[in-house]
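Asker:
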Amino acid sequence: MMNDQRNAQSQLGDNLAWVSLFVATVSALVVLARTLEIAGCSDQCDYLTLETVTRGFWMSALIVFIVTTGAYFFTRSRLRLAWLLPAAGITITLIALLVTNLVMNGALNVG
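Position in the sequence shown (first residue = 1) + 10 = my numbering.
Next comes the structure, spelled out in structure tokens:
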């Protein structure tokens, strides 16, 4: 019974690791798509902020994915709640996407 529960939690964590990869990839593509709006800015956008926030999001999403997924695979046989690591990575990535989107809204509408 205990082994079945551990296998179910491991399966959940494995699935969340895949979802974490999907969320990081789609979020990076959303930010990339938002940069296409720069073409309509002419001199009205804050280009430095847009570049900084775009690259910052891409790096943070990559680092969060690598750290949380790596930590999950390292600890999944040792901790029952290891599945929380990829779940936390998904949450952090989505919060970072929200913040990035808000900053980009401001930087695209400066003029």
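Glycine is no exception: its CB is placed at the ideal position from the N, C-alpha and C atoms. Note that the structure is a prediction, hence the values are computed from the model and not measured.
1. Would you tell me roughly how many angstroms separate the C-alpha atoms of Asn111 and Thr64, rounded to the nearest one?
2. Where Met114 and Leu39 are concerned, what is the direct C-alpha to C-alpha distance, given to the nearest angstrom?
3. Can you check whether the CB of Phe83 is closer than 7 Å to the CB of Ala34?
4. Under three-state DSSP, which class holds Leu89?
5. Does the Cβ-Cβ distance between Ala81 and Ser37 come in under 7 Å?
6. Going straight from the alpha carbon of Val29 to that of Thr78, what length do you get?
7. So, is Phe62 buried or exposed, given that buried needs 16 or more other C-beta atoms within 10 angstroms?
8. Should Asp56 and Ala117 be called a contact, given that it needs their Cβ atoms to be closer than 7 Å?
9. Spatial neighbours of Ile100 within its chain, please: CB distance less than 8 Å, with the 5 preceding and 5 following residues excluded, ordered by chain position.
10. For Phe67 and Gln21, what's the separation of their Cα atoms in angstroms?
Answerer: Reading off the structure:
1. Distance between the alpha carbons of Asn111 and Thr64: 9 Å.
2. Using only the alpha carbons, I get a separation of about 14 Å.
3. No; because the gap between Cβ atoms is not below 7 Å, this pair is not in contact.
4. If DSSP states are grouped into helix, strand and coil, Leu89 belongs with coil.
5. Cβ distance not < 7 Å, so Ala81 and Ser37 don't count as in contact.
6. Taking the straight line joining both Cα atoms gives about 12 Å.
7. A small fix is needed here, since residue 62 is Thr in this sequence, not Phe. Sixteen is the threshold: since fewer than 16 other Cβ atoms of the shown chains lie within 10 Å of the Cβ of Thr62, the residue is exposed.
8. Yes, the pair counts as a contact, with Cβ atoms nearer than the cut-off.
9. Closer than 8 Å at Cβ, skipping near neighbours: Leu26, Val29, Ser30, Val33.
10. Distance between the alpha carbons of Phe67 and Gln21: 29 Å.
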